[in-house]
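A short write-up of the structure that comes next.
2 protein chains.
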Amino acid sequence: MRAQAPERAEALQKGLVDIGQASAASGVSAKMIRHYEEIGLLPVVPRTAANYRLYAPQHVQTLRFIHRARALGFSMDEIRALLGLWQNRRRPSAAVRKIAQAHIEDLQQRIAQMQGMVDTLGHLVHCCHGDERPDCPILVDLAGED
Amino acid sequence: MRAQAPERAEALQKGLVDIGQASAASGVSAKMIRHYEEIGLLPVVPRTAANYRLYAPQHVQTLRFIHRARALGFSMDEIRALLGLWQNRRRPSAAVRKIAQAHIEDLQQRIAQMQGMVDTLGHLVHCCHGDERPDCPILVDLAGED
DNA sequence: GCTTGACCTTGCCATTGTGGGAAGCTTCAG
DNA sequence: CTGAAGCTTCCCACAATGGCAAGGTCAAGC
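Going down the list, the protein sequences come from chains V and H.
Quick note: the first sequence uses the UniProt record's numbering, first residue 1, plus one each step.
Quick note: the second sequence uses the UniProt record's numbering, first residue 1, plus one each step.
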């Protein structure tokens, strides 16, 4: 990993970093940073004469925001909305809360669905003796009712 | 929905059905039936002279198996393995159980991850007053630590 | 016999979010 | 100068599903 090279291009001295450093500082892969730019989550950043992207601290901050939001399971569209609110000083906190609340409910729904699967499978696994004999209630269930 | 048309083609009298009927009888969309054939989950079935796929009851049974397994969250690869065991009369039930057990653990891991998100978000939502004021602990969290 | 509508066929594109890799240029260090 | 590492763009892939379009087919009604 190359350490900070202040002579990188004339602009690096102004606190701007290249995509690799922005990636390391934010936890977002360079691949994803480019992708976020492409889909409009990130602004189009300036480039060096050699066409390298240059990121200001503010951009790195945005990347961290996205990274954290992804870790909480927000979708791209939700993150887009959250970023808009974050950057709007006159936002109503109710709008943020509404997005988060809806996301919680979405997560809970998915959890309930998966928990249902776990319950069903747990029962079947419990009933399956699991030895070298071929009869198996799991297969019976899969083949049978539907 | 077309009712059973036994005179469909000369072969339909042998209990063979077209893809629409196989779909209705199994709960798997025609689109997905073709896809499963393409990826090798289903055998390549015979066709009529007009190139229509013909499904025997055995194939419909397999489709129901897949449908049920999908409903329990098994991946295509897991279903492929389960189908192989199902069709093998000398299978050890332990092999089936192992797949199901691994799938349960996978589900539980994902549930735990999502539950962690719910917990974090629940706390943040609880702390957000959710009115017209702009200050919001949810955004502070997203922007801040990472 | 011909039309009509419902069905079948293939093929291509979109999704969500991420990774891999190729081909080519840039930068830096030795 | 050369090599390694990093940047650029572009294309492909995943898993599983849906949608649409263009064309063939079949059964039923007139």
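All C-beta atoms, glycine included, are put in the ideal place defined by N, C-alpha and C.
- Taking 8 Å as the upper bound for CB-CB distance, Leu16 (chain V) and Tyr55 (chain V) are in contact here, some 6 Å apart.
- A buried status is given to Asp141 (chain H), since no fewer than 16 other beta-carbon atoms sit within 10 Å of its beta-carbon.
- One Cα belongs to Ala50 (chain V), the other to Ala30 (chain V), and the distance between them is close to 17 Å.
- Excluding its 5 nearest sequence neighbours in each direction, Leu107 (chain H) has C-beta neighbours in its own chain below 8 Å: Gly73, listed in chain order.
- For Gly73 (chain H), the closest Cβ of chain V is nearer than 8 Å.
- Collapsing the DSSP output to three states places Tyr36 (chain V) in a helix.
- Taking a beta-carbon distance threshold of 8 Å, Pro57 (chain V) does not count as an interface residue toward chain H.
- Listed in chain order, the alpha helix (DSSP H) elements of length 4 or more contained wholly in the segment 50–116 of chain V are 57–71, 76–86.
- Among the bridge pairs identified by DSSP, Val17 (chain H) is matched with H:Tyr55.
- Contacts with chain V at 8 Å (Cβ-Cβ) include Gln61 (chain H).
- Not one beta carbon of chain V lies nearer than 8 Å to the beta carbon of Ile33 (chain H).
- Boundaries cannot be given for Leu42 (chain V), as no alpha helix (DSSP H) includes it and DSSP labels it neither H nor E.
- Arg68 (chain V) sits buried, since 16 or more C-beta atoms from the chains shown fall within 10 Å of its C-beta.
- With respect to Ile39 (chain H), Ala22 (chain H) sits apart: the two C-beta atoms are not nearer than 8 Å.
- Between the segment 125–140 of chain V and the segment 109–125 of chain H there are fewer than three inter-stretch CB-CB distances shorter than 8 Å, so the stretches are not counted as touching.
- For Ala69 (chain H), the nearest beta carbon of chain V is closer than 8 Å to its own beta carbon.
- When H:Ala71, H:Asn88, H:Leu124 are compared, the shortest CA-CA separation from Ala100 (chain V) is found for H:Leu124.
- In this structure Arg80 (chain H) is in contact with Leu41 (chain H), their Cβ atoms being roughly 6 Å apart against a cut-off of 8 Å.
- In the DSSP assignment, Asp141 (chain H) falls within the alpha helix (DSSP H) that extends over 137–143.
- Taking C-alpha positions only, Met76 (chain V) is separated from Gly144 (chain H) by approximately 19 Å.
- By alpha-carbon distance to Gln58 (chain V), the top candidate from V:His126, V:Gly20, V:Ser26, V:Ala71 is V:Ser26.
- Here the C-alpha atom of Asn88 (chain V) lies approximately 42 Å from the C-alpha atom of Val118 (chain V).
- Cβ proximity to chain H below 8 Å picks out His103, Ile104, Leu107, Gln108, Arg110, Ile111, Met114, Gln115, Met117, Val118, Thr120, Leu121, Gly122, Leu124, Val125, Cys128, His129, Gly130, Asp131, Glu132, Arg133, Pro134, Asp135, Cys136 from the segment 103–137 of chain V.
- Against Pro43 (chain V), chain H offers no close residue; the least beta-carbon distance is about 17 Å (beta-carbon pairs closer than 8 Å).
- Residues of the segment 91–103 of chain H that bring their beta carbon within less than 7 Å of a beta carbon in chain V comprise Arg91, Pro92, Ser93, Ala94, Val96, Arg97, Ala100, Gln101, His103, in sequence order.
- Just so you know, the alpha carbons of Val96 (chain V) and His35 (chain V) end up roughly 24 Å apart.
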